[in-house]
Amino acid sequence: MADSKHSGIKKVVLAYSGGLDTSVILKWLQVTYGCEVVTFTADLGQGEELEPARAKAQLMGVPDKDIYIDDLREEFVRDFVFPIMRANARYEGDYLLGTSIARPLISKRLIEIARETGADAVAHGATGKGNDQVRFELSAYALDPDIKVIAPWREWDLTSRTALIAWAEQHQIPVPKDKRGESPFSTDANLLHTSSEGKVLEDPWEETPDYVFSRTVNPEDAPDTPEYITIDFAKGDGVALNGTPMSPATLLTALNELGRKHGIGRLDLVENRFVGMKSRGMYETPGGTIYAVAHRGIEQITLDRGAAHLKDELMPKYAELIYNGFWFAPEREMLQAAIDLSQQRVNGTVRLKLYKGSTSVVGRKSPDSLYSERHVTFEDDAGAYDQQDAQGFIKLNALRLRLLAQRDGK
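Position 8 of the sequence shown, counting from 1, maps to 8 under UniProt numbering, and the rest follow consecutively.
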């Protein structure tokens, strides 16, 4: 029976992984709020079997009609990953936003299910210290301003792993043997990346232990022979690998395997969280790193200088908006419209060399190329470019510098 503080909530849609934390949350919602719980488990390409989540939800009394397990891999890559890749987005210059970009899609589906089932609240398992609580909730409120959001980690008194396990046992929630000890680090995974944080990673001076990595081989152990691949682009999005057309999720999956094999995409980063603290994380983004390098490669020959430089100026703000959870904010959508417009002629093929942790562009071609060999050649250009024109160009650009120098007596 819910107390007065927790009354009024009849049905909650929970973002449910099937793991210990969200299983405890499921039962806690039933006990504390006395409400029905609808579970939603998203397949974002995290590489885990998801059917056990259904069995665990059934075990705790959730009827089949209230258990949602959705394959969102294609939507995730097509509508969320590819748009940020068009922007060449990297938070603080390095982070490819693998966790950040998954949260708005999960929130979108939570709200859709809440409407389908008549739920009056949604719930998530993000802690009160991190960015994810902000991302989930900003997205939820942007899509439904009247929705109630329940964040158990900000409400309950289960402040340690021991307390969580004790509560689980008290309420007959199965506790896997590997959850009884303190985990050496926490992870989050999807088709774009795997992030690892906490415990053994908290000292930024200590090198990340090799056992933390799950998506990439050690670059030192990668093949001694480089591998060459091609990626085809149409309007800024990847459409084929080595000449074979592929859907967005299929392409990223194939690139992930190539990145894993060659040890590509590892990033050790100390970042500034939106909530104010710095945190150290280890990110593995194998396919995304290859793709990001390739996209910049095709832009090099298809984007005008002014458009390319403006995109690079806009990118840090765009990346920060997504990192902070403002995917559904009007300013992100405004920037996206400008970015997408710039991609209309970003067509062609990029050839890349993959070797021991590195991805290098070694060739690019496009039917929309702005690269003119006739103009840039060191040989006779047959009058394509009059070098004497440069004299006036330099003189005009030097005028303000000469006036400054005259004034300052140089």
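C-beta atoms are modelled at their ideal positions from N, C-alpha and C, and glycine is treated no differently. Since this is a predicted model, take the numbers as computed values, not measurements.
- Message: Pairs of beta-carbons, one from the region 84-103 and one from the region 183-192, closer than 8 angstroms: are there three or more?
- Response: Judged by Cβ distances under 8 angstroms, the region 84-103 makes contact with the region 183-192, as three or more pairs qualify.
- Could you give the distance in angstroms between the alpha-carbon of G198 and the alpha-carbon of P184? Working through the sequence shown from its first residue, we reach residue 198 at position 198. Working through the sequence shown from its first residue, we reach residue 184 at position 184. Rounded to the nearest angstrom, the two C-alpha atoms are 8 angstroms apart.
- Task: Could you name the residues of the same chain whose beta carbon sits closer than 8 angstroms to that of D221, not counting the 5 residues immediately before and after it, in chain order?
- Result: What you label residue 221 is simply residue 221 of the sequence shown in a count that begins at 1. If we look at D221 and ignore the five residues flanking it on each side, its Cβ neighbours are G263.
- Task: Could you tell me whether the region 347-366 touches the region 314-328, using the rule of 3 or more Cβ pairs below 8 angstroms?
- Result: Because the criterion of three Cβ pairs below 8 angstroms is not met, the region 347-366 and the region 314-328 do not touch.
- Message: I'd like to know whether the C-beta atoms of T22 and G125 end up nearer to each other than 7 angstroms.
- Response: As a position in the sequence shown, residue 22 is number 22, starting the count at 1. As a position in the sequence shown, residue 125 is number 125, starting the count at 1. Yes, the pair counts as a contact, with Cβ atoms nearer than the cut-off.
- Task: For the alpha helix (DSSP H) holding Y323, just list the boundary residues, first then last.
- Result: Numbered from 1 along the sequence shown, position 323 holds the residue referred to as residue 323. In the DSSP assignment, Y323 falls within the unbroken alpha helix (DSSP H) covering R305 to N324.
- Query: Roughly how many angstroms separate the alpha carbons of A294 and I231, rounded to a whole number?
  - Reply: On the sequence shown, position 294 is the one that residue 294 refers to. On the sequence shown, position 231 is the one that residue 231 refers to. If you take the alpha carbons of A294 and I231, they lie about 7 angstroms apart.
- Query: Is there contact here, the region 149-159 with the region 110-128, by at least three beta-carbon pairs under 8 angstroms?
  - Reply: Flag = yes, the region 149-159 and the region 110-128 touch.
- Mark G325 as exposed unless 16 or more other C-beta atoms lie within 10 angstroms of its C-beta, in which case mark it buried. Against the sequence shown, residue 325 aligns to sequence position 325. G325 comes out buried.
- Go ahead and pull the three-state DSSP assignment for P245. To locate residue 245, count along the sequence shown from 1; it is residue 245. Residue state, collapsed to three classes: strand.
- Query: Terminal residues of the continuous alpha helix (DSSP H) containing R407?
  - Reply: Counted from its first residue, the sequence shown places residue 407 at position 407. D389 to R407 is the extent of the alpha helix (DSSP H) around R407.
- Message: Please list the terminal residues of the continuous alpha helix (DSSP H) segment that includes F82.
- Response: For this step, residue 82 is matched to residue 82 along the sequence shown. Following the DSSP letters along the chain, one finds F82 inside the alpha helix (DSSP H) bounded by residues F82 to R86.
- Message: Classify Y16: buried if its beta carbon has 16 or more other beta carbons within 10 angstroms, exposed otherwise.
- Response: As a working note, residue 16 is residue 16 in the sequence shown. Y16 is buried by the Cβ-count criterion.
- Task: Assign I101 to one of three DSSP states: helix, strand, or coil.
- Result: Residue mapping note: residue 101 aligns to position 101 of the sequence shown, counting from 1. The answer is coil: DSSP assigns I101 none of H, G, I, E or B.
- Three or more C-beta pairs closer than 8 angstroms, one from the region 105-114 and one from the region 282-289: is that the case here? They do not touch, by the three-pair rule.
- Message: Between which two residues does the alpha helix (DSSP H) holding D340 run?
- Response: On the sequence shown, residue 340 is found 340 positions in, with the first residue counted as 1. Element bounds for D340: P330 to S342.
- Query: If you drop the 5 nearest sequence neighbours on each side, which residues of the same chain put their C-beta closer than 6 angstroms to that of Y283?
  - Reply: Position 283 of the sequence shown, counting from 1, holds the residue named residue 283. The answer, listed in chain order, is H193, S195 and L267.
- Task: Indicate whether R86 and G297 have their beta-carbon atoms separated by less than 7 angstroms.
- Result: By 1-based counting over the sequence shown, the position of residue 86 is 86. By 1-based counting over the sequence shown, the position of residue 297 is 297. Result no, Cβ atoms of R86 and G297 do not sit closer than 7 angstroms.
- Message: Short of 7 angstroms in beta carbon distance, which residues of its chain neighbour E207, apart from the five on each side in sequence? Order them along the chain.
- Response: Within the sequence shown, the letter at position 207 stands for residue 207. There are no such residues.
- Below 7 angstroms between beta carbons: does that hold for D71 and D43? For this step, residue 71 is matched to residue 71 along the sequence shown. For this step, residue 43 is matched to residue 43 along the sequence shown. Taking 7 angstroms as the cut-off, the beta carbon of D71 is found closer than this to the beta carbon of D43.
- Would you list, in sequence order, the uninterrupted beta strand (DSSP E) runs of no fewer than 3 residues that lie entirely inside the region 116-203? Taking 3 residues as the shortest admissible run, the region 116-203 contains the following complete beta strand (DSSP E) segments, listed from N- to C-terminal end: 121-123, 148-150, 186-189 and 194-197.
- Task: Closer than 8 angstroms by C-beta to L352: which residues in its own chain qualify, once you throw out the five before and the five after it? Chain order, please.
- Result: Position 352 of the sequence shown holds residue 352. Here the set comprises Y228, I229, T230, I231, I290, V293, A294, G297, T359, S360, V361 and V362.
- Does DSSP put D370 in a helix, in a strand, or in coil? What you label residue 370 is simply residue 370 of the sequence shown in a count that begins at 1. Rather than Asp, the amino acid found at residue 370 in this sequence is Leu. Under the three-state reduction of DSSP output, L370 falls in the coil class, being neither helix nor strand.
- Message: Can you tell me whether E380 is helix, strand or coil according to DSSP?
- Response: Counting from 1 along the sequence shown, the entry for residue 380 is found at position 380. Residue 380 is actually Asp in this sequence, not Glu. D380 falls in the coil class under three-state DSSP.
- Query: Of all the options V77, V24, D210 and R73, which has the alpha carbon lying nearest to the alpha carbon of A53?
  - Reply: Counting from one through the sequence shown, the residue named residue 53 turns up at place 53. The residue among V77, V24, D210 and R73 with its C-alpha nearest the C-alpha of A53 is V24.
- Is I301 closer than 7 angstroms to S247 when the C-beta atoms are compared? The count along the sequence shown starts at 1 and reaches residue 247 at position 247. The count along the sequence shown starts at 1 and reaches residue 301 at position 301. In this structure, I301 does not lie closer than 7 angstroms to S247 by Cβ.
- Assuming R273 contacts N397 under a Cβ cut-off of 8 angstroms, what Cβ separation, rounded to an integer in Å, is found between them? Position 273 of the sequence shown, counting from 1, holds the residue named residue 273. Position 397 of the sequence shown, counting from 1, holds the residue named residue 397. The pair is not a contact, with the Cβ atoms about 43 angstroms apart (cut-off 8 angstroms).
- Query: Since L72 is in the beta strand (DSSP E), which residue starts that stretch and which ends it?
  - Reply: Taking the first residue of the sequence shown as 1, we reach residue 72 at position 72. Taken as a continuous stretch (DSSP letters only), L72 belongs to no beta strand (DSSP E), as it is neither H nor E.
- Task: Would you kindly check if the distance between the Cβ of L341 and the Cβ of R332 is under 7 angstroms?
- Result: Looking up residue 332 in the sequence shown gives position 332. Looking up residue 341 in the sequence shown gives position 341. Not closer than 7 angstroms, so no.
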